[in-house]
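In my numbering, the protein residues as written are 274 to 327.
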């Protein structure tokens with residue numbers, strides 16, 4: 274998960290305050306890809322590997 278508060282805190286610490294939007298734009302695509310991957314693996318486990326368990 275992406276925490277806006279953590280991004281704001283870290284950008285202030287490393288000296289790039291005010292550029293949180295740039296960081297969020299760079300993080301959105303990998304976050305969505307990872308979420309889709311986790312969802313696909315979860316679906317695979319539920320419907321293919323262990324169909325009778327759930």
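C-beta: ideal position from N, C-alpha, C; glycine also.
Nothing here was measured: the structure is a model prediction, and the numbers come from that model.
Checklist entry - For residue 284, which of helix, strand or coil comes out of DSSP? => result On the chain shown, residue 284 is found 11 positions in, with the first residue counted as 1. Residue state, collapsed to three classes: helix.
Checklist entry - Roughly how many whole angstroms lie between the Cα atoms of residue 299 and residue 276? => result On the chain shown, position 26 is the one that residue 299 refers to. On the chain shown, position 3 is the one that residue 276 refers to. Whole-angstrom Cα-Cα distance: 14 Å.
Item to check | Coil, strand or helix - residue 312 by DSSP | outcome: Taking the first residue of the chain shown as 1, we reach residue 312 at position 39. In the displayed model, residue 312 falls within a helix according to three-state DSSP.
Item to check | Nearest-angstrom beta carbon gap, residue 280 and residue 297 [assumed within contact, 8 Å] | outcome: Position 24 of the chain shown, counted from the first residue, corresponds to residue 297. Position 7 of the chain shown, counted from the first residue, corresponds to residue 280. The C-beta distance from residue 297 to residue 280 rounds to 7 Å, short enough to meet the 8 Å contact threshold.
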